[in-house]
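Peer 1: Structure provided below as structure tokens; questions to follow.
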Amino acid sequence: MFDPFHTTKLGEGTGLGLSISQTLIQRANGLITVCNRPEGGAEFTIWLPEDVADTAGVTAVS
Numbered sequence: 003m004f005d006p007f008h009t010t011k012l013g014e015g016t017g018l019g020l021s022i023s024q025t026l027i028q029r030a031n032g033l034i035t036v037c038n039r040p041e042g043g044a045e046f047t048i049w050l051p052e053d054v055a056d057t058a059g060v061t062a063v064s
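My numbering applies: residue 3 is where the sequence shown begins, and numbers increase by one.
Structure (structure tokens):
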């Protein structure tokens, strides 16, 4: 699912969305997981460290 160019859409999309998301989250020392929902669909959970702005080289703005 997180492989580049993997898509379930026939004739649509590039299959890069989850791959790029996973790469960015990992570079911020975070984690992304996915699980099936009983009512259908999928649930994605993202964990990021509290200091993610410092980790990513970005200054947080409030």
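The beta-carbon is built from N, C-alpha and C at its ideal position, and this holds for glycine as well.
Could you tell me which of GLY32, GLU45, VAL36 and ALA44 sits nearest to PRO2, measuring between CA atoms?
Peer 2: With the chain represented from 3 up to 64, any question about residue 2 goes unanswered, as that position is not in the structure.
Peer 1: Given GLU45, which residues of its chain have a CB within under 6 Å of its CB, disregarding the five upstream and five downstream residues?
Peer 2: CYS37 and ARG39
Peer 1: Spatial neighbours of GLY42 within its chain, please: CB distance less than 6 Å, with the 5 preceding and 5 following residues excluded, ordered by chain position.
Peer 2: Nothing meets the Cβ criterion.
Peer 1: I'd like to check one pair, ILE48 with ILE22: are the Cβ atoms closer than 8 Å?
Peer 2: Not in contact: ILE22 and ILE48 (Cβ atoms no closer than 8 Å).
Peer 1: Along the chain, where does the beta strand (DSSP E) containing LEU33 start, and where does it finish?
Peer 2: 33-38
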